[in-house]
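Number of protein chains: 2
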Amino acid sequence: MTLTRKGQATRERILEAAAELIAQRGVAGTSTEDVRKAAGIGGSQLYHYFDSKQALIRAVITRQAEAPLVPGQPIMGALDSFDALRAWADAAVEHQERNSGRGDCSLTALAGELGPTDDQAREDLCQAFLRWQSVLHDGLGTMRERGDLRPEANLDELSMALLTALQGGNLLSQTLRTAAPLRASMNAALAYVRSFT
Amino acid sequence: MTLTRKGQATRERILEAAAELIAQRGVAGTSTEDVRKAAGIGGSQLYHYFDSKQALIRAVITRQAEAPLVPGQPIMGALDSFDALRAWADAAVEHQERNSGRGDCSLTALAGELGPTDDQAREDLCQAFLRWQSVLHDGLGTMRERGDLRPEANLDELSMALLTALQGGNLLSQTLRTAAPLRASMNAALAYVRSFT
Numbered sequence: 418m419t420l421t422r423k424g425q426a427t428r429e430r431i432l433e434a435a436a437e438l439i440a441q442r443g444v445a446g447t448s449t450e451d452v453r454k455a456a457g458i459g460g461s462q463l464y465h466y467f468d469s470k471q472a473l474i475r476a477v478i479t480r481q482a483e484a485p486l487v488p489g490q491p492i493m494g495a496l497d498s499f500d501a502l503r504a505w506a507d508a509a510v511e512h513q514e515r516n517s518g519r520g521d522c523s524l525t526a527l528a529g530e531l532g533p534t535d536d537q538a539r540e541d542l543c544q545a546f547l548r549w550q551s552v553l554h555d556g557l558g559t560m561r562e563r564g565d566l567r568p569e570a571n572l573d574e575l576s577m578a579l580l581t582a583l584q585g586g587n588l589l590s591q592t593l594r595t596a597a598p599l600r601a602s603m604n605a606a607l608a609y610v611r612s613f614t
Numbered sequence: 418m419t420l421t422r423k424g425q426a427t428r429e430r431i432l433e434a435a436a437e438l439i440a441q442r443g444v445a446g447t448s449t450e451d452v453r454k455a456a457g458i459g460g461s462q463l464y465h466y467f468d469s470k471q472a473l474i475r476a477v478i479t480r481q482a483e484a485p486l487v488p489g490q491p492i493m494g495a496l497d498s499f500d501a502l503r504a505w506a507d508a509a510v511e512h513q514e515r516n517s518g519r520g521d522c523s524l525t526a527l528a529g530e531l532g533p534t535d536d537q538a539r540e541d542l543c544q545a546f547l548r549w550q551s552v553l554h555d556g557l558g559t560m561r562e563r564g565d566l567r568p569e570a571n572l573d574e575l576s577m578a579l580l581t582a583l584q585g586g587n588l589l590s591q592t593l594r595t596a597a598p599l600r601a602s603m604n605a606a607l608a609y610v611r612s613f614t
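Line by line, the protein sequences are chains R and A. Letter by letter, the first sequence follows residues 418 to 614 in this note's numbering. Letter by letter, the second sequence follows residues 418 to 614 in this note's numbering.
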């Protein structure tokens, strides 16, 4: 479907409203009717853009996946030095400090919330996670080439360790409503990367 | 409410059925009527044990919280040596290898699935996570006293790093349907602990 500029703006408004409602109420607690009202659009217009709740949720996942690795931050440059990784970790912790308990529409939250049977949405989430992992993988690869990391550093494992630290830390931080879990998980993952210098 | 032995068995049967259904369909996709049917009990009998779906979900959380840190394993002894921690990590990875993609009713999954507004259930989850953290904290404390870890090892941070590794690894492994994320996260967390020897 090709959208006019106005159509694109409406679509974006719907997605923003959906992400905000999901952050407050969860996927299950958000109906397409709620989203329609929150976006301030009329009658059947929502179905012009998304023909089902599932289609809407998948579009929210895609939108969140295109966000930078730390929500609320401008898109970061390559994560290809210890300084850049540290800045990324600090930004994630700061974001969590500001937002703990305020609701969350991150992919971490969406991954937990999606029923285990929603295979299409799960596939979208996989793609998003793998894309984020590849950003980390690329950065670590540059560091290894430069000699910051030893040749035996396993880039698959290191990049996955950084990504799981972000997700696990965010999950615990959202539940416990403190940034401490994320701070601990990021410190551990960065120390692990540093152990390969 | 004091239950007879038969009543306790029925209650346990209901909780087992609920955990199984939640693993397959998620919290939102599981109705009390589904649980009643799966547990094979009649009419209003479920409400004798749980007066609402929320009460049932909270009881499932409490039940999962009493399970050992690695589901499917017998309750482990104290995690107070590198060998014990390694065995714990290996058991978690093995469990994930057997179960990836088969549905999950772990606290990781429940933490993601609960709507952000369900404060009582969130409180139960917090207690469960903090109890698990305290098991890890105690074991690390013993290791530090014994001299396996340096005096400056921060037990709060190390125990939280291990717990976030388990949760983040499980979350990514369930989504990606491979044990690789959990293996990476546990390796990183254990290496972090080892860096304090």
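Glycine included, each C-beta is placed from N, C-alpha and C at the ideal position.
Assignment of Leu566/R by DSSP, reduced to helix, strand and coil, places it in the coil class. Think of a sphere of 8 Å around the beta carbon of Leu588/A: the chain R residues whose beta carbon falls inside it are Thr525, Ala528, Gly529, Thr581, Gln584, Gly585 and Leu588, in chain order. If you look at Ser576/A, you'll find it in the alpha helix (DSSP H) that goes Leu572 to Leu593.
Between the alpha carbons of Ala608/A and Arg561/R lies a gap of roughly 19 Å.
Approximately 6 Å separates the beta-carbon atoms of Leu432/R and Val477/R; this is inside 8 Å, confirming the contact. For Leu527/R, the secondary structure class from DSSP, reduced to helix, strand or coil, is helix.
Pro568/R does not reach chain A, its nearest Cβ partner there being about 18 Å away, counting only Cβ pairs nearer than 8 Å. Of all C-beta pairs linking the region 592-602 of chain A to the region 425-442 of chain A, fewer than three are shorter than 8 Å, placing the two stretches out of contact. Within the same chain, Cβ atoms closer than 6 Å to the Cβ of Thr559/R are found at Asp497, the five residues on either side in sequence being excluded. C-alpha of Glu574/R to C-alpha of Ala495/R: approximately 18 Å in a straight line. In the three-state reduction of the DSSP assignment, Phe499/A falls in the helix class. For the region 599-610 of chain A, the beta-carbon criterion of a distance under 8 Å to any beta-carbon of chain R is satisfied by Leu599, Arg600, Ala601, Ser602, Asn604, Ala605, Ala606, Ala608 and Tyr609. Taking the beta carbon of Thr592/R as reference, the chain A residues within 8 Å of it are Ala528, Arg539, Leu542, Cys543 and Phe546, listed in sequence order. Taking C-beta separations shorter than 6 Å and ignoring five residues to either side along the sequence, the partners of Gln481/R in its chain run Leu524, following chain order.
Taking 8 Å as the threshold, the shortest C-beta distance from Glu574/A to chain R falls below it. For Asp468/A, there is no enclosing alpha helix (DSSP H), as DSSP marks it with neither H nor E. Three or more beta-carbon pairs drawn from the region 537-556 of chain R and the region 580-594 of chain R are found closer than 8 Å, and the two stretches are therefore classed as touching. Asp541/R and Gly556/A have their C-alpha atoms spaced approximately 39 Å apart. Nearest to Ala434/R by C-alpha distance, out of Gln513/R, Gly424/R, Glu450/R and Thr419/R, is Glu450/R. Under the 8 Å criterion on CB atoms, Met577/R is classed as interfacial with respect to chain A.
Put simply, the CB of Ser612/R is near chain A, with a gap under 8 Å to one of its CB atoms. Excluding five sequence positions before and after Ala545/R, the CB atoms of its chain that fall closer than 8 Å to its own CB belong to Ile478, Thr479, Gln481, Ala482 and Leu524, given in chain order. Using a CB distance below 8 Å, the part of the region 438-464 of chain A facing chain R consists of Ala440, Gln441, Arg442, Gly443, Val444, Ala445 and Gly446, ordered along the chain. Less than 8 Å divides the Cβ of Phe613/A from the Cβ of Leu566/A.
The CB of Ala597/R comes closer than 7 Å to the CB of Met577 in chain A, given here in chain order.
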